[in-house]
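Q:
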Amino acid sequence: MQRRHFLSTSLASTCATLMGTSIMAPAVHAQPLTPLKFTLDFRITSQTSPFFLAQAKGYYKDEGLQVDIDVGSGSVASIMRVASGVYDLGLGDISSLVEFHAQNPETPVQAIYQYYNRAPFVIIGRKDRGITTDFRSLKGKKVAAAAVESTRRSWPMVARALKIQPDLFEWVTTDFSARDNVMVRGDVDAATYFHDSAVSLFARMPPKDLSVLEYAKTGLNLYGNAIVAGKLLRDKPDVAKAFLRASNRALRETLANPEAALAAVKAREPILNTDVERERWAITRQYLQTAETQAIGLGAVQPAVLTNQINEVATVFGLARKPTPDRVFNPAFLPAAADRKAAA
Numbered sequence: 001m002q003r004r005h006f007l008s009t010s011l012a013s014t015c016a017t018l019m020g021t022s023i024m025a026p027a028v029h030a031q032p033l034t035p036l037k038f039t040l041d042f043r044i045t046s047q048t049s050p051f052f053l054a055q056a057k058g059y060y061k062d063e064g065l066q067v068d069i070d071v072g073s074g075s076v077a078s079i080m081r082v083a084s085g086v087y088d089l090g091l092g093d094i095s096s097l098v099e100f101h102a103q104n105p106e107t108p109v110q111a112i113y114q115y116y117n118r119a120p121f122v123i124i125g126r127k128d129r130g131i132t133t134d135f136r137s138l139k140g141k142k143v144a145a146a147a148v149e150s151t152r153r154s155w156p157m158v159a160r161a162l163k164i165q166p167d168l169f170e171w172v173t174t175d176f177s178a179r180d181n182v183m184v185r186g187d188v189d190a191a192t193y194f195h196d197s198a199v200s201l202f203a204r205m206p207p208k209d210l211s212v213l214e215y216a217k218t219g220l221n222l223y224g225n226a227i228v229a230g231k232l233l234r235d236k237p238d239v240a241k242a243f244l245r246a247s248n249r250a251l252r253e254t255l256a257n258p259e260a261a262l263a264a265v266k267a268r269e270p271i272l273n274t275d276v277e278r279e280r281w282a283i284t285r286q287y288l289q290t291a292e293t294q295a296i297g298l299g300a301v302q303p304a305v306l307t308n309q310i311n312e313v314a315t316v317f318g319l320a321r322k323p324t325p326d327r328v329f330n331p332a333f334l335p336a337a338a339d340r341k342a343a344a
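In the UniProt record's numbering, the protein residues as written are 1 to 344.
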């Protein structure tokens with residue numbers, strides 16, 4: 001009797017344990033993922049491939065996130081998307097964020113991760129029109145640019161740094177999609193680009209026939225596109241930190257070896273040519289991983305450099321008020337410094 005009682009008791013106990021496990025286990029895995037909407041600055045290319053790698057490898061899901069990534073319509077417009085609350089996070093130009101804060105001081109939008117350590121702004125000119133790597137060779141030329149575009153808007157700061165007149169050349173307002181065409185046809189002498197966006201032009205015109213005039217080589221240090229966020233920072237700060245952890249993890253992997261990220265972005269946008277995107281990424285990484293990031297880590301800024309940039313923007317655009325560096329960039333959400341070191 002005792003043996004039968006022991007067996008029946010043990011069996012009941014075991015069943016209860018198994019039932020409890022089967023009931024409880026799904027509850028652990030059924031935790032709902034936090035949805036996030038993230039807007040890029042422009043179309044999908046290898047420039048932003050780390051974010052698609054984070055999706056493909058499940059890094060966002062590991063952090064409890066369901067991230068939707070949408071194409072953008074410019075690095076200025078993405079700031080407005082975040083400010084409006086339509087998107088939780090976005091890639092936006094930090095100089096434009098300075099302007100935005102001057103005009104909207106109460107709007108809670110801040111940069112939280114400096115993606116482009118240096119802005120990849122360039123003007124690319126035709127050598128057969130007499131354009132060299134000297135910005136002064138642009139005098140009297142026609143330069144194509146979109147109406148609202150970061151490279152164009154930053155030009156007065158370059159002119160100021162070089163001590164030349166900002167009206168050195170004539171702007172020809174052109175849609176992003178028509179920029180390569182007007183260059184190839186010779187309708188203009190030069191055009192503005194993000195350096196890594198110019199691979200489309202390089203595919204149609206031999207690079208040896210073009211001069212690349214880099215803003216970053218004028219002595220003007222400008223941070224470029226950063227990850228910005230708005231109400232998310234106040235309402236769900238841990239979610240913002242989780243997004244940065246996953247994105248930073250993928251960025252480090254892409255800097256070490258881009259092939260998995262190239263495959264991920266190709267899966268999202270099958271029309272992409274992997275060889276072209278590999279060439280594009282080779283340019284992009286020069287602006288993401290720099291001597292500065294080796295010193296302070298990916299995603300961070302130097303307060304003195306940011307202060308100088310804010311001062312330049314305020315002076316050139318005559319801002320009525322000047323935001324403080326901590327209003328523009330908030331480092332509190334960055335991953336640990338050790339996790340932001342990329343291999344040299």
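For every residue, glycine included, the Cβ atom is placed at its ideal position computed from N, Cα and C.
Count the other C-beta atoms from every protein chain shown that fall within 10 angstroms of the C-beta of glutamate 214, then say buried if there are 16 or more, exposed otherwise.
A: Working through the sequence shown from its first residue, we reach residue 214 at position 214. The Cβ neighbour count for glutamate 214, taken over all protein chains shown within 10 Å, is at least 16; the residue is labelled buried.
Q: Could you give the residue range of the beta strand (DSSP E) that holds phenylalanine 194?
A: The count along the sequence shown starts at 1 and reaches residue 194 at position 194. Unbroken beta strand (DSSP E) run through phenylalanine 194: 190 to 194.
Q: Three or more C-beta pairs under 8 Å: does that hold for the segment 108 to 122 against the segment 135 to 152?
A: Flag = yes, the segment 108 to 122 and the segment 135 to 152 touch.
Q: Does the beta-carbon of threonine 132 have 16 or more other beta-carbons within 10 angstroms, so that it is buried, or is it exposed?
A: Counting from 1 along the sequence shown, the entry for residue 132 is found at position 132. By the neighbour-count rule (16 or more Cβ atoms within 10 Å), threonine 132 is not buried but exposed.
Q: Where in the segment 38 to 66 do unbroken runs of the alpha helix (DSSP H), each at least 4 residues long, occur, reported from the N-terminal end onward?
A: 49 to 56, 59 to 62
Q: For tyrosine 324, count the other beta carbons within 10 Å of its own beta carbon; 16 or more makes it buried, fewer makes it exposed. Which is it?
A: What you label residue 324 is simply residue 324 of the sequence shown in a count that begins at 1. Per the sequence presented here, residue 324 reads as threonine, with tyrosine not at that position. When all chains shown are included, threonine 324 counts as exposed.
Q: Asparagine 248 by DSSP, collapsed to three states: which one?
A: Taking the first residue of the sequence shown as position 1, residue 248 is located at position 248. Note: asparagine 248 maps to helix in three-state DSSP.
Q: If you run the structure through DSSP and keep just helix, strand and coil, what is lysine 142?
A: In the sequence shown, residue 142 corresponds to position 142, counting from 1. Lysine 142 falls in the strand class under three-state DSSP.
Q: Can you name, in chain order, every residue of its own chain whose Cβ lies under 7 Å from the Cβ of glycine 130, other than the five neighbours on each side?
A: Against the sequence shown, residue 130 aligns to sequence position 130. Correct list, in chain order: Ser137.
Q: Looking at the unbroken beta strand (DSSP E) that takes in isoleucine 227, where does it start and where does it end?
A: The residue you call residue 227 lines up with position 227 of the sequence shown. That run of the beta strand (DSSP E) goes 225 to 229.
Q: What are the start and end residues of the beta strand (DSSP E) that includes phenylalanine 100?
A: Working through the sequence shown from its first residue, we reach residue 100 at position 100. Run containing phenylalanine 100: none in the beta strand (DSSP E); it sits in the alpha helix (DSSP H), 94 to 103.
Q: Using the Cβ count rule (16 or more neighbours within 10 Å means buried), how would you classify residue 347?
A: Any property of residue 347 remains undetermined from this structure, which presents the chain solely from 1 to 344.
Q: What number of angstroms, rounded off, separates the C-alpha of asparagine 248 from the C-alpha of isoleucine 44?
A: Counted from its first residue, the sequence shown places residue 248 at position 248. Counted from its first residue, the sequence shown places residue 44 at position 44. Distance between the alpha carbons of asparagine 248 and isoleucine 44: 18 Å.
Q: Alpha carbon to alpha carbon, how far is proline 335 from valine 199?
A: Counting from 1 along the sequence shown, the entry for residue 335 is found at position 335. Counting from 1 along the sequence shown, the entry for residue 199 is found at position 199. In a straight line, the C-alpha of proline 335 is about 32 Å away from that of valine 199.
Q: DSSP puts valine 172 in a beta bridge; with which residues?
A: Reading the sequence shown from its first residue, position 172 is the one you call residue 172. Answer is Ala144, bridged to valine 172.
Q: Return yes when at least one heavy atom of the ligand GDP lies under 7 Å from the C-beta of tyrosine 287, else no.
A: Summarising the ligand content, the structure contains no ligands, and the ligand GDP is consequently not present.
Q: Can you tell me which of the three DSSP states aspartate 134 falls into?
A: As a working mapping, residue 134 is identified with position 134 in the sequence shown. Here aspartate 134 sits in coil by DSSP.
Q: Arginine 340 to lysine 208, Cα distance in whole Å?
A: Locating residue 340 in the sequence shown gives position 340, where the first residue counts as 1. Locating residue 208 in the sequence shown gives position 208, where the first residue counts as 1. Answer to the nearest angstrom: the Cα atoms are 36 Å apart.
Q: Give every residue of the same chain whose Cβ lies closer than 7 Å to the Cβ of threonine 290, excluding the five residues on either side of it in the sequence, and list them in chain order.
A: Position 290 of the sequence shown, counting from 1, holds the residue named residue 290. Cβ within range, chain order: Asn117, Arg118.
Q: Taking the alpha-carbon of leucine 222 as reference, which of Val98, Arg185, Glu170, Ala190 has the nearest alpha-carbon?
A: Numbered from its first residue, the sequence shown carries residue 222 at position 222. Nearest of Val98, Arg185, Glu170, Ala190 to leucine 222, Cα basis: Val98.
Q: Which residue's Cα is closest to the Cα of asparagine 257: Phe38, Leu53, Gln31, Pro32?
A: In the sequence shown, the residue the question calls residue 257 occupies position 257. Comparing Cα-Cα distances from asparagine 257 to each of Phe38, Leu53, Gln31, Pro32, the minimum goes to Leu53.
Q: Pick from Arg278, Pro331, Phe317, Ala332: whose alpha carbon is nearest that of alanine 102?
A: By one-based count along the sequence shown, residue 102 stands at place 102. Closest by alpha carbon: Phe317.
Q: So is aspartate 68 buried or exposed if we call it buried at 16+ other beta carbons inside 10 Å?
A: Walking along the sequence shown from the start, residue 68 turns up at place 68. Looking at its Cβ environment, which holds fewer than 16 other Cβ atoms inside 10 Å, aspartate 68 is exposed.
Q: DSSP three-state label for valine 28, please.
A: If you number the sequence shown from 1, residue 28 lands on position 28. Since pLDDT at valine 28 reaches only 43, below the 50 mark, its modelled position is unreliable, and no value is offered.
Q: At what residues does the alpha helix (DSSP H) containing alanine 77 begin and finish?
A: Residue mapping note: residue 77 aligns to position 77 of the sequence shown, counting from 1. From DSSP, the alpha helix (DSSP H) with alanine 77 extends over 77 to 84.
Q: Thinking just about the alpha-carbon of each residue, which of Gly297, Met183, Thr307, Leu220 is nearest to the one in lysine 163?
A: Locating residue 163 in the sequence shown gives position 163, counting from the first residue. Comparing Cα-Cα distances from lysine 163 to each of Gly297, Met183, Thr307, Leu220, the minimum goes to Leu220.
Q: Quick check on this structure: which residue in Gly224, Val71, Thr34, Val109 has the alpha carbon closest to the alpha carbon of glutamate 269?
A: Position 269 of the sequence shown, counting from 1, holds the residue named residue 269. Residue Val71 is the option with its Cα nearest to glutamate 269.
Q: In this structure, what does DSSP give as the bridge partners for leucine 36?
A: Locating residue 36 in the sequence shown gives position 36, counting from the first residue. DSSP, once it has assigned bridges, lists Val67 as partnering leucine 36.
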